[in-house]
Ligand SMILES: *Cc1c(COP(=O)(O)O)cnc(C)c1O
Ligand code: SF4
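Numbering (the UniProt record's numbering), first residue to last: 1 to 370.
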């Protein structure tokens, strides 16, 4: 951890500024020269970084940058925000749009893949650009913003499709938008009678927790039921500030879930994921999905064998509270959707019985019925 008050870069920053999300957003670290002021970079690293930034964007909030352990080159926080030379490697099975979201786009920003719900991508901006992002092709394209006409078309699509019960606002990160703009979309969604729930996917509680303001929550509260999913990947990301942001969300009556991406060298151990899940539930955040890493371009170095994910899952189920255990999924390439990858507890099911093992590997039989 870095104390911002002792860094030359932010020495003159007041506490009020530091806790203001607009200040944090405006002062994101986006270039190598600024980055060098808070952590040491070897000449090689610096060279790679400059090259990498010609291809991919970097933006790190000062808050998140301070969570880096400057002594540890493999720091899990550092790896999520500072590009590595491996990003320049492209392997044969990587794809620009690994989830075929473009194919399933039915109206501007609307990805309609499942029967009763849609993803509604309303921005490409994020507070931070995560190195492992699956939507790299979109995230960081800061000049893009959905036009009023596109919002009209998207809402028209949702209105015309009565089967849509659940609209998932995503991006980019919807919470980098102004309350006014967000509200203009949410208000109109609420007027569509068949839209039962509105969900928001945001990493702001993790990377810029000061974004979770009373004003934002007061606005959201007027449009319940709202559900939020956030994206903690490592226990070190649950700080006093991020925990407080999450508590505020839950106190506003908004259920808060968490999606984690399994990342090699960042969180690919049962101990780390277990600690994360326990810390999440202590803060009233429900672990929702554990994602196998996607095939987006330049993130191959983050991929773990699927067996690793299964091993981690087998060390969670039974050992910790059931609701602290996420569902391990692969978001299938080519738009197959999320497929749960389960530890096999059942050895055989026949007309007479179910032969199975419990979490400790002990053998049990349940008599079946016809
Ligand atoms: C993940 C996703 C959803 C939401 O899926 P849930 O399993 O309900 O959380 C909806 N649409 C698309 C295209 C998605 O990728
Ligand atoms: S916040 Fe989400 S969309 Fe934005 S860069 Fe991170 S993972 Fe990608």
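For each residue, glycine too, the CB sits at the ideal point set by N, CA and C.
(request) Locate the alpha helix (DSSP H) running through residue 302, then write down its first and last residues. (result) Premise fails: residue 302 is in no alpha helix (DSSP H) and is neither H nor E.
(request) With residue 348 as the anchor, note down where its beta strand (DSSP E) starts and where it stops. (result) 346-349
(request) Counting only the same chain and skipping the five closest in sequence on each side, list residues whose C-beta sits under 7 Å from that of residue 268. (result) 262, 304 and 308
(message) Across the region 323-341 and the region 287-298, are there enough close Cβ pairs to call them in contact, namely three or more that are closer than 8 Å?
(response) yes
(message) Can you tell me where the beta strand (DSSP E) holding residue 410 begins and where it ends?
(response) Because the chain spans 1 through 370 in this model, residue 410 falls outside it and cannot be assessed.
(message) Looking at ligand 1, does it come within less than 7 Å of residue 114, judged from the CB to the closest heavy atom?
(response) yes
(request) May I have the straight-line CA-CA distance separating residue 166 from residue 120, to the nearest angstrom? (result) 10 Å
(request) Kindly provide the ranges of any beta strand (DSSP E) runs that are 3 or more residues long and lie completely inside the region 143-230, ordered along the chain. (result) 166-170, 197-201 and 226-230
(request) List the endpoints of the continuous alpha helix (DSSP H) containing residue 22. (result) 21-26
(request) Go ahead and pull the three-state DSSP assignment for residue 128. (result) coil
(request) State the Cα-Cα distance for the pair residue 357 and residue 363, rounded to the nearest angstrom. (result) 4 Å
(message) Do residue 98 and residue 333 count as a contact pair if the criterion is CB distance below 8 Å?
(response) yes
(request) Out of 367, 153, 361 and 340, point me to the one whose CA is closest to residue 352's CA. (result) 367
(request) Out of 175, 317, 185 and 369, point me to the one whose CA is closest to residue 202's CA. (result) 175
(request) Determine the direct distance from the alpha carbon of residue 28 to that of residue 128, and round the result to whole angstroms. (result) 8 Å
(message) Let me make sure I understand the geometry here. Which of 135, 199 and 211 has the alpha-carbon closest to that of residue 223?
(response) 199
(request) Specify the secondary structure class of residue 309 as computed by DSSP and reduced to three states. (result) helix
(message) Rounded to whole angstroms, what is the Cα-Cα separation between residue 313 and residue 9?
(response) 42 Å
(message) Within the continuous alpha helix (DSSP H) that includes residue 62, where are the two ends?
(response) 62-65
(message) DSSP three-state label for residue 115, please.
(response) coil
(message) Is the separation between the beta-carbon of residue 215 and that of residue 183 shorter than 8 Å?
(response) no
(message) Could you compute how far the alpha carbon of residue 86 sits from the alpha carbon of residue 49?
(response) 11 Å
(message) I need the boundaries of the alpha helix (DSSP H) containing residue 270, first residue and last residue.
(response) 270-282
(message) Per the DSSP calculation, residue 287 is bridged to which residue(s)?
(response) 258
(message) Need the endpoints of the beta strand (DSSP E) that residue 332 sits in, please.
(response) 327-332
(message) Please report the distance separating the alpha-carbon of residue 1 from that of residue 239.
(response) 11 Å
(request) Confirm the yes/no value for this check: CB of residue 293, any heavy atom of ligand 2, distance under 7 Å. (result) no
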